[in-house]
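All residue numbers for the sequence shown refer to UniProt numbering, where the first residue is 1 and numbers rise by one. All C-beta atoms, glycine included, are put in the ideal place defined by N, C-alpha and C. Okay, structure first, notes after.
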Amino acid sequence: MVAPSICFACGQVDRKLPIAGALAHKGCAGRKLSVGVSRVLGMAILDERPVWSMSSGEKLSALDAAHAEIARLQVRCLHLSAGLDADGYAQEIGARDTVQLLSVRYRLDPADVRRDLRLARALHKYPAVTAALGVGRPADSESARTTVNLGQADAIVSALEKVPASAGVPVEDLRVAEEAMVEAAGLLPPADLRALGKEMRERLDTNGPEPHRDEDEVSSREALWIKPADRGVSFGGYLADENAELFQTLIFAGAKPHKTPDGERDPRPRSKRQADALTAILTTAAGAGSAVPGHGEIKPHITVTIDLEDLKAGTRARGDLVHGDTLSAAAVRRLACDAGIIPLVLGSNSEPLDVGAEHRFVTRAIRQALNARDKGCIACGAPPSMSEAHHITHWADGGPTSLENLALLCKRDHINVHRGHLTVHLTNGHPVINRPTWSDPDPPPALAHPA
């Protein structure tokens, strides 16, 4: 007697269905199996019984299987992401780049997406790492003895990528170093592999970095991070060489202890004095009145001559610049929101109907209120200094230059709004961005259940 089986394609229970034929019985409505079969097989492989029903040994074995499956899927995602990046598909659908597409769509940290793409682009140079990740490796191959996860692979590849070509390290030495680090990955987590990688680099590059290369390397590591904190921000970073010296000179000079009006010693701790010194430096810079992009100052004027109907429609027509070049109607509409561009609008008989007036520019007072309300690009959160004022109802369509008709957008998202990839509307007096169509993943396909 044949035991009853479940069709993996449609979920039907059939006592006459042999195990060998369980993938799709004759007449099954779900013969296109790829998604359904893989999900059912995955459930069987991962032993998705209730945790309470399993012994400790079974839990550990199930966890082993789950981690192995996660590692396999992570590698699959890595190569799919790299393929999308090579296709340039993110820009086609309106995202700034693949990092933005994947981080927004799957709610990931951009730094993690950037790291994975960097690893994927470099993997072809590291066969031992590639084999240890299980990419295209036969199950019984010799290289199957050691496996690495994505974190370990990134630690190894990042370390070897930092060995400069100018060091003249023989290819064979690099290969030996790669294989040694892969072997070490059988015992070491990513953090320890990074430390090992630094030692490897020092051994391989015996002459050390050349002076100019060393300067370039430390300069490239300069960074500043800022994140919200309770009633303020916390920040940190790294400055190199003369930038570090300038920073310390200004901070230390401003942080010298001062006596109080009563002649007492300065009660502030050094950390507070240094914070006050930085605040004083920023206040002085802000009071100097130097223009900062995106803060509402009038930018140099550009005059564009364009037909009124083309301007309103945002067609592929172009406007003429004074010095002989042209701008698309869409670009004129976008730049006219915040840039110093004066459109000379022509009627049906090419007569000038209107020369853009100053009232459509965002004044300093309006810009300050806009910065306070939106706090940066309403689409991606870029700070006000990197954002432009966008007319929700375009000024060419009668939209006023008022706080109620403005929103802050960074240049990329401003372009996407004018291209139709994003839209902005007001809700209770606040601008709201409609998320792009690419920002949400497709829902997983439903798995058929037995009747």
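- A check of alpha carbon separations from Gly134 across His67, Ala253, Thr147 identifies Thr147 as the nearest.
- For Cys377, there is no enclosing beta strand (DSSP E), as DSSP gives it neither H nor E.
- Using a Cβ distance threshold of 8 Å, Gly254 and Ala229 do not count as a contacting pair.
- Assignment of Asp320 by DSSP, reduced to helix, strand and coil, places it in the strand class.
- Listed in chain order, the non-local C-beta contacts of Val218 below 8 Å within the same chain comprise Ala240, Asp241, local neighbours out to five positions each way being set aside.
- Under the DSSP assignment, Glu388 falls in the beta strand (DSSP E) whose first and last residues are 387-391.
- Our two residues, Tyr89 and Ala165, have alpha carbons roughly 32 Å apart in a direct line.
- A residue is called buried when at least 16 other Cβ atoms come within 10 angstroms of its Cβ; Glu388 meets this threshold and is buried.
- By the Cβ neighbour-count rule, Gln152 is buried, with 16 or more other Cβ atoms within 10 Å of its own.
- Along the length of the segment 403-449, whole beta strand (DSSP E) runs at least 3 residues long occupy 406-410, 423-427, 430-434, reported in chain order.
- Asp192 is bridged by DSSP to nothing; it lacks a bridge partner.
- Contact annotation: His391 and Gly381 have beta-carbon atoms that are not nearer than 8 Å.
- Beta-bridge partners assigned by DSSP to Ile251: none are found.
- DSSP places Ser328 in the strand class (E or B) of the three-state scheme.
- Taken through DSSP and simplified to helix, strand or coil, Ala223 comes out as strand.
- Per DSSP, the beta bridge partners of Val233 are Pro228.
- Counted as a single uninterrupted DSSP element, the alpha helix (DSSP H) harbouring Val113 occupies residues 110-122.
- In the pairwise beta carbon analysis, the segment 92-110 is classified as touching the segment 436-445: at least three pairs are separated by under 8 Å.
- Looking at the backbone, the Cα of Glu179 and that of Asp116 are separated by about 21 Å.
- Annotation: Tyr106 is outside any alpha helix (DSSP H) and is labelled neither H nor E by DSSP.
- Take Gly186, set aside five residues on each side of it, and the residues of its chain with a beta-carbon closer than 7 Å to its own are Thr146, in chain order.
- Tyr89 is not bridged by DSSP to any residue.
- The criterion of a C-beta distance shorter than 8 Å is satisfied by Val157 and Leu123.
- Exclusion of the five residues before and after Val169 leaves Val163, Leu204, Asp205 as the residues of its chain whose Cβ lies within less than 8 Å of its Cβ.
- Contact annotation, Thr423 with Asn405: C-beta distance approximately 15 Å; criterion of less than 8 Å not satisfied.
- As the crow flies, the alpha-carbon of Ala131 is around 44 Å from that of Val233.
- For Ala177, the number of other beta carbons within 10 angstroms of its own is at least 16, and it is reported as buried.
- Per the coordinates, the alpha-carbon of Ile93 lies some 8 Å from the alpha-carbon of His421.
- Counting the other CB atoms within 10 Å of its CB gives Tyr126 a total of 16 or more, which places it among the buried residues.
- Membership of Met181 in the alpha helix (DSSP H) is indicated by the continuous run 171-184.
- Within the model, the alpha-carbon separation for Ala223 versus Ser56 is close to 47 Å.
- In this structure, Leu193 lies near Ala184, with their beta-carbon atoms less than 8 Å apart.
- Annotated as distal: Arg114 and Ala159, with beta-carbon spacing of 8 Å or more.
- Per DSSP, the unbroken alpha helix (DSSP H) holding Val157 starts and ends at 150-161.
- The straight-line gap separating the alpha-carbon atoms of Arg49 and Val182 is approximately 35 Å.
- Within the same chain, and ignoring the five residues on either side of Asp413 in sequence, the residues whose Cβ sits closer than 7 Å to its Cβ are Cys377, Ala379, Cys380, Leu422.
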